[in-house]
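First comes the structure, then the notes that go with it.
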Amino acid sequence: MSRNAILVAINGTQAGDWIPLLRQRVKNHDLRIWPDETGNASDIAYAFVWNPPRGLLAGLPNLKAIVNIGAGVDALLSDPTLPRVPIARAAHPDLTRRVVGYVVLQVLAHHNRSRLYDAQQRERVWQPHKHPSSDEVAVGIMGLGVIGSEAAAVLARLGFRVAGWSRTPKTLPGIETFHGEAGLDAFLRRTEILVCLLPSTPQTSGLLNLVLFRKLKRDGAAGGAFLVNAARGKLQVDTDILAALDDGTLAAATLDVFPQEPLPASSPLWTHPKVTLTPHVAGDISPEAFADHIIAQVERFERGLPMEATVDRAQGY
Ligand code: NAP
Ligand code: GLV
41 MSRNAILVAI
51 NGTQAGDWIP
61 LLRQRVKNHD
71 LRIWPDETGN
81 ASDIAYAFVW
91 NPPRGLLAGL
101 PNLKAIVNIG
111 AGVDALLSDP
121 TLPRVPIARA
131 AHPDLTRRVV
141 GYVVLQVLAH
151 HNRSRLYDAQ
161 QRERVWQPHK
171 HPSSDEVAVG
181 IMGLGVIGSE
191 AAAVLARLGF
201 RVAGWSRTPK
211 TLPGIETFHG
221 EAGLDAFLRR
231 TEILVCLLPS
241 TPQTSGLLNL
251 VLFRKLKRDG
261 AAGGAFLVNA
271 ARGKLQVDTD
281 ILAALDDGTL
291 AAATLDVFPQ
301 EPLPASSPLW
311 THPKVTLTPH
321 VAGDISPEAF
331 ADHIIAQVER
341 FERGLPMEAT
351 VDRAQGY
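Its first residue numbered 41, the sequence shown is counted upward by one per residue in the working numbering.
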C-alpha cells in the first residue's frame with residue numbers, strides 16, 4: 041500500500057481544515073502530510089496540492105497524478121520543474137455556486153447603487169435614485185468556462201443582457217458570445233459591467249488595463265462602466281484601474297484578487313471611494329464538500345478512467 045501513497049501539500053492556513061478531514065476519509069491509501077510526514081519520496085503516487093513549493097513535486101520519482109485543490113492552476117504551472125503527469129483542478133458545484141454568488145452580488149451591487157445607499161445610510165440621508173431595469177444593462181463575462189458560463193446563465197435569468205467572451209467559440213442559450221482577439225473589441229463595446237472569470241495565463245496577463253477599460257460602453261443605462269475581477273490578480277494592472285476610476289473611465293470596481301496578495305497596506309485601492317475589495321474569498325473551497333471528490337479523482341485514475349477537469353498544460357488552464 042505504501043507505494044501508492046498520497047502526499048498532501050497545502051501551503052496556507054486552509055491546511056488546518058483539510059488535513060483532519062483527509063485523515064478520516066482517505067481509506068485506501070497511505071496519507072503523507074508535507075512537510076513533516078513526507079517519508080520516502082518514492083512511495084508517493086498522488087499529490088493533493090495548493091501552491092506547493094517549487095521543486096517539491098519534481099522530487100517524487102513515482103508520481104502518477106496531481107490534484108489541485110483550487111480552480112486556478114497558474115501557481116502550480118509556474119513551477120518549471122513540474123513533472124509531466126496528469127493534473128486535475130477544482131471544478132465542483134460548491135465552488136461554482138460560491139463564485140457565481142459573489143459575482144451576482146457584485147453586479148447587483150453596482151446595478152442597485154449599493155455603495156451610494158450605504159454612504160447615505162451613514163449620513164441618515166433618505167434619497168431614492170432611479171434604477172434602470174436589468175434588461176437595459178449589458179453585462180459582459182470574460183471566460184465562459186465552468187464558472188463563467190454559470191454566472192452568465194444566472195445573470196441572464198435576472199434579466200441582464202449578457203454576453204460572454206472565450207478563447208474558442210461557444211453557443212450558450214440566451215447569451216451573446218464572442219471569442220478570440222478578433223471578437224474582443226465588439227464584446228467590450230457593448231459591455232457596461234465587465235466581469236472577469238478568466239484563468240491567469242501568459243495570454244491573459246495584464247489584460248485588464250486602461251486601453252481595454254476605455255473600450256467599454258459608458259453611455260448605457262448602467263450610468264458608466266464597471267469592473268468585477270473574481271479571477272486572478274495578474275490579469276489586472278492596479279495603477280490602470282486607479283487611473284480609470286479617477287478619470288471616470290470606470291465608475292466603480294470590485295476586486296477580489298490582486299497582483300500581490302495580501303494587498304500591501306500601502307495600496308491606494310484600500311481606501312479608494314469607488315473600490316470594493318475582498319481578500320481573495322470569492323471561491324473559498326469547502327473541504328467538507330470537496331474532500332470526497334478529490335479522493336474519487338484518484339479512484340477514477342486507478343480504474344484507468346480519465347480524471348475530471350484535467351488541465352491542458354499547453355493552454356495553461
Ligand atoms: P475554466 O473552466 O477553465 O474556464 C476558463 C475560461 O476562460 C474558458 O471559457 C476559456 O475559453 C477562457 N479563456 C482562457 N484563456 C483565454 C484567452 N486567452 N482568451 C479568451 N478566453 C480565454 O475555468 P473556471 O473553472 O471557470 O475558473 C476560471 C478562473 O477563475 C480560474 O482559472 C481561477 O483563476 C479563477 N477563480 C478564482 C476564484 C476566487 O476565489 N477568486 C475561485 C475560483 C476560480 P475556452 O472555453 O475557449 O477554453
Ligand atoms: C481560487 O482562487 C481558486 O482558484 O480556486
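In this text, a Cβ means the ideal position worked out from N, Cα and C, and glycines have one as well.
A straight line joining the alpha-carbon of Val113 with that of Val297 spans about 15 Å. In this structure, the C-beta of Ile325 approaches ligand 2 to less than 8 Å from one of its heavy atoms.
Counting along the chain, Tyr157 sits inside the alpha helix (DSSP H) bounded by residues 154-162. A direct Cα-to-Cα measurement between Ala336 and Thr311 gives close to 44 Å. Our two residues, Gly214 and Gly204, have alpha carbons roughly 11 Å apart in a direct line. Between Ile73 and Leu47, the C-beta gap is smaller than 9 Å, which places the two residues in contact. Distances taken from the Cβ of Arg164 to the heavy atoms of ligand 2 include none shorter than 8 Å.
Counting C-beta pairs closer than 8 Å gives fewer than three between the stretch 75-85 and the stretch 51-60, which falls short of the contact rule. The C-beta separation of His169 from Leu148 comes to about 15 Å, leaving the pair out of contact by the 8 Å criterion.
The criterion of a C-beta distance shorter than 9 Å is not satisfied by Val143 and Ala87.
At a cut-off of 8 Å, the beta-carbon of Leu275 does not count as near ligand 2: no heavy atom of the ligand is closer than that. Excluding the 5 residues flanking it on each side, Thr211 has same chain C-beta neighbours closer than 7 Å at Thr217, in chain order. Residue pairing from DSSP leaves Asn249 without any beta-bridge partner. CA-CA distance, Gly356 to Val165, rounds to 50 Å.
Under DSSP, Tyr86 takes part in a beta bridge, and its partners are Ile46, Ala105. A Cβ-Cβ distance of about 7 Å is found for the pair Leu267 and Leu248, placing them in contact under the 8 Å criterion. One Cα belongs to Ala322, the other to Leu275, and the distance between them is close to 16 Å. According to the DSSP assignment, Trp205 belongs to the beta strand (DSSP E) that extends over 201-206.
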